[in-house]
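**Q** Letter 45 of the sequence shown, counting from 1, is numbered 75 in our numbering, and no numbers are missing.
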Amino acid sequence: MIPIDGINNKRKEYRENKNVTQSRAKSLNKNKIVNTNNLTNQFKQANIVFKLIAINALVFFVVYLGSFFFKLSPSSFVSWFVLPTDLVSFLKQPWSIITYAFLHAGFWHVFWNMYLLYWFGTYVLNLFSPKRFLTIYLLGAISGGLLYMLSYNLFPVFNNLNSSLLGASAAVLAIVIFIATYTPNTVVRIFMFKIKLWQFGLAMVLLDLVQLPSSGNAGGLVAHLGGALFGYVYATQLAKGNDIGVWFEDIMDWFSNQFKPRKKRPFKKVHRTAHKASSRVNKKSPQAEYQKKIDTILDKIGKSGYDSLTKAEKDFLFKAGKDN
Numbered sequence: 031m032i033p034i035d036g037i038n039n040k041r042k043e044y045r046e047n048k049n050v051t052q053s054r055a056k057s058l059n060k061n062k063i064v065n066t067n068n069l070t071n072q073f074k075q076a077n078i079v080f081k082l083i084a085i086n087a088l089v090f091f092v093v094y095l096g097s098f099f100f101k102l103s104p105s106s107f108v109s110w111f112v113l114p115t116d117l118v119s120f121l122k123q124p125w126s127i128i129t130y131a132f133l134h135a136g137f138w139h140v141f142w143n144m145y146l147l148y149w150f151g152t153y154v155l156n157l158f159s160p161k162r163f164l165t166i167y168l169l170g171a172i173s174g175g176l177l178y179m180l181s182y183n184l185f186p187v188f189n190n191l192n193s194s195l196l197g198a199s200a201a202v203l204a205i206v207i208f209i210a211t212y213t214p215n216t217v218v219r220i221f222m223f224k225i226k227l228w229q230f231g232l233a234m235v236l237l238d239l240v241q242l243p244s245s246g247n248a249g250g251l252v253a254h255l256g257g258a259l260f261g262y263v264y265a266t267q268l269a270k271g272n273d274i275g276v277w278f279e280d281i282m283d284w285f286s287n288q289f290k291p292r293k294k295r296p297f298k299k300v301h302r303t304a305h306k307a308s309s310r311v312n313k314k315s316p317q318a319e320y321q322k323k324i325d326t327i328l329d330k331i332g333k334s335g336y337d338s339l340t341k342a343e344k345d346f347l348f349k350a351g352k353d354n
């Protein structure tokens with residue numbers, strides 16, 4: 031015979047265990063929902079370099095698998111997104127001036143481009159905003175594509191050649207040459223050797239020039255040089271205070287605003303208040319002093335390299351880049 035108190039205790043223990051089990055089940059379901067959104071959240075929180083690497087890698091695998099499932103060659107599968115040489119074909123697919131830079135011919139093609147993008151992109155993001163980084167990247171791709179088409183329609187060596195351009199090399203080389211021109215004396219380590227950025231950038235350009243006559247990828251090398259030329263011009267002009275990419279940033283802002291929900295703002299009545307002339311104080315604005323400090327640090331980098339900065343200067347520059 032079982033005592034009544036024992037039965038009550040068993041019932042109470044059963045109810046507690048049931049509540050714990052239900053609570054754990056709800057927690058597991060919640061974790062599953064979080065895990066499904068985990069990759070999306072990580073992508074949104076990643077910096078622009080990682081986003082570009084992720085996009086290029088994703089496009090590569092989509093093309094690789096898509097051409098397999100549809101029984102097409104990769105070149106046929108992406109024919110509407112590579113950059114053609116003749117102007118008539120380009121006018122039929124003008125978007126290809128950008129889309130070609132997100133397509134690659136093979137694994138090592140995309141691997142080395144993304145490796146260089148990660149390496150040198152980090153240096154650029156230490157000094158500049160993500161928006162400016164993207165401007166250099168995309169305008170570098172456009173410049174490389176334009177020089178590629180111009181060369182095929184101008185130089186006799188490319189006569190009667192049917193070709194198309196793909197790969198992020200022009201965009202990546204624009205990033206490399208930009209930072210190598212803007213902070214030439216910054217020292218980087220390659221395996222066991224220390225080398226300055228300007229030396230590395232010059233070596234890459236000379237390597238493309240030497241390979242140009244004998245390479246079977248002359249058009250691609252020309253596109254590299256177009257991206258490099260843009261990176262050099264952008265950096266030299268920016269050092270003089272001329273931002274030649276600001277118009278492109280305005281276009282990107284306009285384009286991104288088209289996808290943002292428009293919120294109705296309440297009408298505000300504004301009254302103009304007259305200020306006495308005596309209340310005006312002739313002082314330098316905090317913004318001017320802030321910019322002056324940034325310019326001083328950038329001048330120091332240009333002369334002595336990024337490693338010459340103190341920890342406080344690096345922290346200040348990093349915070350300034352995030353604020354921009």
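In this text, a Cβ means the ideal position worked out from N, Cα and C, and glycines have one as well.
Within the continuous beta strand (DSSP E) that includes residue 224, where are the two ends?
**A** 223 to 226
**Q** Use the C-beta contact count for residue 261: other C-beta atoms within 10 angstroms, 16 or more gives buried, fewer gives exposed.
**A** buried
**Q** Is residue 362 helix, strand or coil when you go by DSSP?
**A** Outside the shown range of the chain (31 to 354) lies residue 362, about which nothing can therefore be said.
**Q** Please classify residue 117 as buried or exposed, where buried requires at least 16 neighbouring CB atoms within 10 angstroms.
**A** exposed
**Q** Does the separation of the CB atoms of residue 257 and residue 210 fall below 9 Å?
**A** no
**Q** From residue 168 to residue 259, what does the alpha carbon distance come to, in whole angstroms?
**A** Their backbone Cα atoms lie some 14 Å apart in a straight line.
**Q** If we count the other Cβ atoms within 10 Å of its Cβ and call it buried at 16 or more, is residue 325 buried or exposed?
**A** exposed
**Q** For residue 220, which beta-bridge partners are listed by DSSP?
**A** 223
**Q** Decide if residue 165 is buried, meaning its Cβ has at least 16 other Cβ atoms within 10 Å, or exposed.
**A** buried
**Q** By the DSSP assignment, the alpha helix (DSSP H) with residue 291 in it spans what residues?
**A** Run containing residue 291: none; DSSP gives neither H nor E here.
**Q** What does DSSP give as the partner residues of residue 113 in its beta bridges?
**A** 195
**Q** Give me, in chain order, the residues of the same chain whose beta-carbon lies closer than 8 Å to that of residue 226; leave out the 5 immediate sequence neighbours on both sides.
**A** 214, 215, 216, 217, 218 and 335
**Q** With 16 other CB atoms within 10 Å as the buried threshold, where does residue 271 fall?
**A** exposed
**Q** Among 122, 149, 161 and 87, which has the Cα closest to the Cα of residue 281?
**A** 161
**Q** With a threshold of 8 Å on Cβ separation, who are the neighbours of residue 266 within its own chain once the five nearest residues in sequence on each side are excluded?
**A** 211
**Q** Exposed or buried, which one is residue 329 when buried takes at least 16 other CB atoms within 10 Å?
**A** exposed
**Q** Residue 91 to residue 139, Cα distance in whole Å?
**A** Looking at the backbone, the Cα of residue 91 and that of residue 139 are separated by about 13 Å.
**Q** Would residue 108 be called buried (16 or more neighbouring beta carbons within 10 Å of its own) or exposed?
**A** Label assigned to residue 108: buried.
**Q** If you draw a straight line from the alpha carbon of residue 110 to that of residue 195, how long is it in whole angstroms?
**A** In this model, residue 110 and residue 195 are separated by some 12 Å (Cα to Cα).
**Q** Start and end of the alpha helix (DSSP H) containing residue 263?
**A** 248 to 269
**Q** Less than 9 Å between the C-beta atoms of residue 126 and residue 113, yes or no?
**A** In contact: residue 126 and residue 113 (Cβ atoms closer than 9 Å).
**Q** Whole alpha helix (DSSP H) runs in the region 111 to 196 with 4 or more residues, listed along the chain?
**A** 117 to 122, 126 to 129, 137 to 157 and 160 to 184
**Q** Let me confirm a value: residue 222 is counted as buried when at least 16 other C-beta atoms fall within 10 Å, else exposed. Which label applies?
**A** exposed
**Q** Which same chain residues end up closer than 8 Å to residue 76 when comparing Cβ atoms and leaving out the 5 residues on each side of it in sequence?
**A** 84
**Q** For residue 192 and residue 130, what's the separation of their Cα atoms in angstroms?
**A** 16 Å
**Q** Just to confirm, are residue 323 and residue 346 a CB contact at a threshold of 9 Å?
**A** yes
**Q** Relative to the alpha-carbon of residue 206, which residue among 264, 133 and 342 has its alpha-carbon at the smallest distance?
**A** 264
**Q** Could you say which of 198, 143 and 180 lies nearest to residue 170 if we only look at CA atoms?
**A** When each option's Cα is compared against that of residue 170, the closest is 198.
**Q** Give every residue of the same chain whose Cβ lies closer than 6 Å to the Cβ of residue 134, excluding the five residues on either side of it in the sequence, and list them in chain order.
**A** 90, 140 and 197
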